[in-house]
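*Asks:*
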Amino acid sequence: MEYILIIISAIFVNNVVLMKFLGVCPFFGVSKQVGTAVGMSGAVVFVMTVATIVTFILQKYVLDVFEIQYMQTITFILVIASLVQLVEIILKKVSPSLFQALGIFLPLITTNCAVLGVALLAVKPVYDYDLLQATVYAVASAIGFGLAMVIFAGLREHMELQDIPKGMKGVPIAFVVAGLLALAFMGFSGIA
Amino acid sequence: MASKKKSSFINMVVVLFIVSAIAATALAFVYQATKDPIKQAKLEKDKKAVGIVVPKFNNDPVSESDTLIIGERDQLIFFPAKMDNKLVGVAIKTYSDIGFTERIKIMVGFTPDGKIFKTAVLEHKETPGLGDKMQKNKGNWSEQFTNLDVPNIQDTDDDGILIEVKNDQGTIDAITAATISSRAFCDACERAYNAFKKIEK
Amino acid sequence: MSKLKIFTRGFFSENAVFVMLLGLCPTLGTTTSAVNGLGMGIATTFVLVMSNIVVSLVKSQIPDKVRIPSFIVIIASFVTIVELTMQAYVPDLFEVLGLYIPLIVVNCLILGRAEAFASKNKVSDSILDGLGMGLGFTMALMMLGAVREILGSGSIFNISIYEGDGALVFVLAPGAFIVLGYLIALTNILTKKS
Numbered sequence: 451m452e453y454i455l456i457i458i459s460a461i462f463v464n465n466v467v468l469m470k471f472l473g474v475c476p477f478f479g480v481s482k483q484v485g486t487a488v489g490m491s492g493a494v495v496f497v498m499t500v501a502t503i504v505t506f507i508l509q510k511y512v513l514d515v516f517e518i519q520y521m522q523t524i525t526f527i528l529v530i531a532s533l534v535q536l537v538e539i540i541l542k543k544v545s546p547s548l549f550q551a552l553g554i555f556l557p558l559i560t561t562n563c564a565v566l567g568v569a570l571l572a573v574k575p576v577y578d579y580d581l582l583q584a585t586v587y588a589v590a591s592a593i594g595f596g597l598a599m600v601i602f603a604g605l606r607e608h609m610e611l612q613d614i615p616k617g618m619k620g621v622p623i624a625f626v627v628a629g630l631l632a633l634a635f636m637g638f639s640g641i642a
Numbered sequence: 032m033a034s035k036k037k038s039s040f041i042n043m044v045v046v047l048f049i050v051s052a053i054a055a056t057a058l059a060f061v062y063q064a065t066k067d068p069i070k071q072a073k074l075e076k077d078k079k080a081v082g083i084v085v086p087k088f089n090n091d092p093v094s095e096s097d098t099l100i101i102g103e104r105d106q107l108i109f110f111p112a113k114m115d116n117k118l119v120g121v122a123i124k125t126y127s128d129i130g131f132t133e134r135i136k137i138m139v140g141f142t143p144d145g146k147i148f149k150t151a152v153l154e155h156k157e158t159p160g161l162g163d164k165m166q167k168n169k170g171n172w173s174e175q176f177t178n179l180d181v182p183n184i185q186d187t188d189d190d191g192i193l194i195e196v197k198n199d200q201g202t203i204d205a206i207t208a209a210t211i212s213s214r215a216f217c218d219a220c221e222r223a224y225n226a227f228k229k230i231e232k
Numbered sequence: 162m163s164k165l166k167i168f169t170r171g172f173f174s175e176n177a178v179f180v181m182l183l184g185l186c187p188t189l190g191t192t193t194s195a196v197n198g199l200g201m202g203i204a205t206t207f208v209l210v211m212s213n214i215v216v217s218l219v220k221s222q223i224p225d226k227v228r229i230p231s232f233i234v235i236i237a238s239f240v241t242i243v244e245l246t247m248q249a250y251v252p253d254l255f256e257v258l259g260l261y262i263p264l265i266v267v268n269c270l271i272l273g274r275a276e277a278f279a280s281k282n283k284v285s286d287s288i289l290d291g292l293g294m295g296l297g298f299t300m301a302l303m304m305l306g307a308v309r310e311i312l313g314s315g316s317i318f319n320i321s322i323y324e325g326d327g328a329l330v331f332v333l334a335p336g337a338f339i340v341l342g343y344l345i346a347l348t349n350i351l352t353k354k355s
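Protein chains in written order, with this note's numbering: chain V, 451 to 642; chain F, 32 to 232; chain A, 162 to 355.
(1) Should Ile-524/V be flagged as near chain F, meaning a C-beta pair shorter than 8 angstroms?
(2) In the DSSP assignment, what are the bridge partners of Ala-277/A?
(3) Could you check whether the Cβ of Val-515/V sits closer than 8 angstroms to any Cβ belonging to chain F?
(4) By Cβ distance, which residues of its chain are closer than 6 angstroms to Phe-48/F, with the 5 residues on each side in sequence left out?
(5) Quick one: is Tyr-579/V near chain F, going by C-beta distance under 8 angstroms?
(6) Is it buried or exposed for Lys-220/A, if we count other Cβ within 10 angstroms and need 16 for buried?
(7) Consult DSSP for Lys-149/F and reduce its assignment to one of helix, strand or coil.
(8) For Glu-231/F, does the count of other Cβ atoms within 10 angstroms reach 16, so buried, or fall short, so exposed?
(9) Counting only the same chain and skipping the five closest in sequence on each side, list residues whose C-beta sits under 6 angstroms from that of Arg-170/A.
(10) Just reading off the beta strand (DSSP E) that Pro-615/V is part of, what are its end residues?
(11) Using the beta-carbon of each residue, which ones in chain F are nearer than 7 angstroms to Glu-256/A?
(12) Which residue comes first and which comes last in the alpha helix (DSSP H) that contains Ile-135/F?
(13) Any idea what DSSP makes of Ala-346/A, helix, strand or coil?
(14) Report the residue from Val-497/V, Ala-493/V, Gln-583/V whose alpha carbon sits nearest the alpha carbon of Leu-405/V.
(15) When the Cα of Asp-514/V is compared with those of Gly-617/V, Val-589/V, Pro-575/V, Phe-638/V, which residue comes out closest?
(16) Give the DSSP-derived three-state secondary structure of Ala-642/V in the structure shown.
(17) Look up Leu-118/F in the DSSP assignment and give the residues it is bridged to.
(18) Just list the residues that DSSP pairs Val-196/F with in beta bridges.
(19) Between the C-alpha atoms of Phe-278/A and Asp-290/A, what's the straight-line distance to the nearest angstrom?
(20) Is there at least one Cβ from chain F nearer than 8 angstroms to Val-234/A's Cβ?
(21) Could you give the residue range of the alpha helix (DSSP H) that holds Asp-286/A?
(22) Is Gly-191/F buried or exposed, if buried means 16 or more other CB atoms sit within 10 Å of its CB?
(23) Express the C-alpha separation of Gly-293/A and Ile-167/A in angstroms, rounding to a whole number.
(24) Do you know whose CA, among Gln-535/V, Asn-562/V, Thr-560/V, lies nearest Phe-549/V's CA?
(25) Would you give the residue range spanned by the beta strand (DSSP E) that Asp-97/F belongs to?
(26) Please state whether the Cβ-Cβ distance between Val-484/V and Glu-607/V is less than 8 angstroms.
(27) For a cutoff of 8 angstroms on Cβ pairs, would you count Ser-238/A as touching chain V?
(28) Could you compute how far the alpha carbon of Ser-212/A sits from the alpha carbon of Pro-263/A?
(29) Please report whether the beta-carbon of Ser-51/F lies at a distance below 8 angstroms from any beta-carbon of chain A.
(30) Helix, strand or coil: how does DSSP classify Ser-39/F here?
(31) Quick one: which residues of the stretch 476-492 of chain V get their C-beta closer than 9 angstroms to a C-beta of chain A? List them in chain order.
(32) Buried or exposed for Gln-509/V, please, with buried defined as at least 16 other CB atoms from any protein chain shown within 10 angstroms of its CB.
(33) Looking at C-alpha atoms only, which residue of Glu-133/F, Pro-143/F, Ser-127/F is the closest neighbour of Val-121/F?
(34) Secondary structure at Gln-519/V, three-state DSSP: helix, strand or coil?
(35) With a threshold of 8 angstroms between beta carbons, is Leu-302/A in contact with chain V?
(36) Which residue's Cα is closest to the Cα of Asn-178/F: Ala-215/F, Thr-187/F, Gly-140/F?
In structure tokens:
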């Protein structure tokens, strides 16, 4: 039950992109087509989950133990950056086809604030998560990111065919649509 | 312009090591320098809140504060306020986790007869424009807690909880469209009241 | 490029938010009011200028392949310094901005300037570039915050300008997207005319 609550809350109620504004850059950058949106989401699910597990362990067993919490930001971002590199190298060797699909998105993930944001949120004392809960939280947040991204890409594909006032074409209308999507997601807020 | 260092393996490792070492040293230094001011800032905030929520006093409640342990991991800090060594009120730093987003921290002041004197919000991340009306500067919602006579509240639904919003058969009017935040505020007050009863003993 | 142009292009022609669409997370997340936008903008500007200076100073000592990790470490250090300093001296603002302060690290604007400008230019130019870009970013955040505050809370810089509650949606998440969309549209129209 506890896990279901974490999952629903992370995917719908506190959606990382639409409610917390994390990962907005790739949300607008690579959402022109559903295909690329799915690819990016896949890469994010992967990196976010592994990054959260590693940073969670580091926080609990290194930073907290030695009382050097002020190294948190620097440690987390380095973990994420090296992890992305590592994933790139491993993927290239193990599954070239997957690398082909996700490869171009991987470097972008280092500066995806959703990855660092979720890693930072998962170790917050308020939630008091254990490792398993943190992992579930990371997976669910990533799925939430993917869901928002894919829906949005679908909407944008349709928008290409619409007659939009001149000044609003392209990015501006995309923002307004994202706003409406966020409004729709607010409807979930009563659930948790 | 000096020529660029080559990307040989040794160069890369050495440079990364040096950069990280300098960064870590600098941070350790800044951490040491800001440690006390951060502590001070937090104390200052508690002190200010205590000054608001209890009747006039002339002792130093912060230095006389104590921790009350409730259950296994729960603990609250309380600040006794005294006027010429006579107890005039107790401020309790309390919290609630059932709010809309993160933990809400509030300071609740009680007079010795168990009435709430006043309340003050310390920290919250509730929705701006809705839940944040619990703050004094954003609305007068929290006024209904001023002089709230907790021991004499009728527990109509017999669930043992005295401070509740009307939706839960309580007596408190919830903030419009922010019942969850209001409920959390009540939960924090209730937690403080239970702590107060323990201190009384 | 003249010094003046290095400084001013961050405000209009290459404005980080309205034109380049960089650093959107803090832009949307922290602009519930004009003051919050201003605070976030200043914190970001500080990190941007400092990291630009350091990157420009050490640029010749850093091998190309470890360039990005080194820059990230430099940026992360300044972010932590800002974080600790704010906690000590402006705790209220720190609490409001919360998570978005450590997230300055992944603000693409900062790494972008380090990589595209500071690692190739003199220290003095890098300072100007950082200041211009940072203040342009601050201006954008403040404008967005001001519009959202006026429409959503009926006040500006915490000074009430009309009675009542305002249209709450503008303070909430959807309003952030919508207001920014219209501001970008406005910038598009204005820049195309000139």
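We put the beta carbon where it would ideally sit given N, CA and C, even for glycine.
These numbers come from a predicted model, not from an experiment.
*Replies:* Let's see:
(1) Walking along the first sequence from the start, residue 524/V turns up at place 74. For Ile-524/V, a Cβ of chain F is located within less than 8 angstroms of the residue's own Cβ.
(2) The residue you call residue 277/A lines up with position 116 of the third sequence. When beta bridges are read from the DSSP output, Ala-277/A appears opposite no residue.
(3) As a first step, residue 515/V must be located in the first sequence, where it is residue number 65. When Cβ-Cβ separations below 8 angstroms define contact, Val-515/V makes no contact with chain F.
(4) Looking up residue 48/F in the second sequence gives position 17. For Phe-48/F, where only same-chain residues beyond five positions count, there are no Cβ hits under 6 angstroms.
(5) On the first sequence, residue 579/V is found 129 positions in, with the first residue counted as 1. No, its Cβ sits nowhere closer than 8 angstroms to a Cβ of chain F.
(6) Here the question's residue 220/A lines up with position 59 in the third sequence. Buried: at least 16 other Cβ atoms inside 10 Å.
(7) Within the second sequence, residue 149/F is the residue found at index 118, counting from 1. Note: Lys-149/F maps to strand in three-state DSSP.
(8) The residue labelled residue 231/F in the question sits at position 200 within the second sequence. Classified as exposed, Glu-231/F has fewer than 16 neighbouring CB atoms from the shown chains inside 10 Å of its CB.
(9) Here residue 170/A is taken as the residue at index 9 of the third sequence, counted from 1. There are no such residues.
(10) Within the first sequence, the letter at position 165 stands for residue 615/V. For Pro-615/V, no beta strand (DSSP E) encloses it, and the DSSP letter there is neither H nor E.
(11) The count along the third sequence starts at 1 and reaches residue 256/A at position 95. The contacting residues are Glu-154.
(12) Along the second sequence, read from residue 1 onward, the residue named residue 135/F stands at position 104. Looking at the DSSP string, Ile-135/F is not in any alpha helix (DSSP H); the run it does join, the beta strand (DSSP E), is 135-141.
(13) Locating residue 346/A in the third sequence gives position 185, where the first residue counts as 1. Helix, per DSSP.
(14) The displayed coordinates of chain V run from 451 to 642. Any statement about residue 405/V would go beyond what the structure contains.
(15) The sequence position of residue 514/V within the first sequence is 64, counting from 1. Nearest option by C-alpha distance: Pro-575/V.
(16) On the first sequence, position 192 is the one that residue 642/V refers to. Any answer about Ala-642/V is weak, because its pLDDT of 49 lies below 50 and its placement is not dependable; what the coordinates show is given next. Coil, per DSSP.
(17) As a working mapping, residue 118/F is identified with position 87 in the second sequence. Listed as beta-bridge partners of Leu-118/F by DSSP are Lys-113/F.
(18) Locating residue 196/F in the second sequence gives position 165, where the first residue counts as 1. Looking at the DSSP output, Val-196/F shares a beta bridge with Ile-203/F.
(19) Your numbering for residue 278/A matches position 117 in the third sequence. Your numbering for residue 290/A matches position 129 in the third sequence. Taking the straight line from one Cα to the other gives about 8 angstroms.
(20) On the third sequence, residue 234/A is found 73 positions in, with the first residue counted as 1. With its beta carbon less than 8 angstroms from one in chain F, Val-234/A belongs to the interface.
(21) As a working note, residue 286/A is residue 125 in the third sequence. Where Asp-286/A is concerned, the enclosing alpha helix (DSSP H) stretches over 284-314.
(22) By one-based count along the second sequence, residue 191/F stands at place 160. Here Gly-191/F is exposed: its Cβ has fewer than 16 other Cβ atoms, across all protein chains shown, within 10 Å.
(23) By one-based count along the third sequence, residue 167/A stands at place 6. By one-based count along the third sequence, residue 293/A stands at place 132. C-alpha separation (whole angstroms): 7 angstroms.
(24) Your numbering for residue 549/V matches position 99 in the first sequence. Among Gln-535/V, Asn-562/V, Thr-560/V, the Cα nearest to that of Phe-549/V belongs to Gln-535/V.
(25) On the second sequence, position 66 is the one that residue 97/F refers to. Per DSSP, Asp-97/F is one residue of the beta strand (DSSP E) stretching across 97-101.
(26) Here residue 484/V refers to the residue found at position 34 of the first sequence. Here residue 607/V refers to the residue found at position 157 of the first sequence. Yes. Within cutoff.
(27) To locate residue 238/A, count along the third sequence from 1; it is residue 77. Yes, Ser-238/A counts as interfacial toward chain V.
(28) Locating residue 212/A in the third sequence gives position 51, counting from the first residue. Locating residue 263/A in the third sequence gives position 102, counting from the first residue. Distance between the alpha carbons of Ser-212/A and Pro-263/A is about 15 angstroms.
(29) As a first step, residue 51/F must be located in the second sequence, where it is residue number 20. With 8 angstroms as the cut-off, Ser-51/F counts as an interface residue toward chain A.
(30) The residue given as residue 39/F occupies position 8 in the second sequence. Secondary structure of Ser-39/F (DSSP, three-state): coil.
(31) Those would be Phe-477, Phe-478, Gly-479, in chain order.
(32) Taking the first sequence and counting its residues from 1, one reaches residue 509/V at position 59. With 16 or more Cβ atoms within 10 Å of its Cβ, Gln-509/V is classed as buried.
(33) For the purposes of this step, residue 121/F is taken as the residue at position 90 of the second sequence. Nearest of Glu-133/F, Pro-143/F, Ser-127/F to Val-121/F, Cα basis: Pro-143/F.
(34) Reading the first sequence from its first residue, position 69 is the one you call residue 519/V. Here Gln-519/V sits in helix by DSSP.
(35) For this step, residue 302/A is matched to residue 141 along the third sequence. Look at Leu-302/A: its C-beta is not under 8 angstroms from any C-beta on chain V.
(36) Position 147 of the second sequence, counting from 1, holds the residue named residue 178/F. Taking only the C-alpha atoms, the option nearest Asn-178/F is Gly-140/F.
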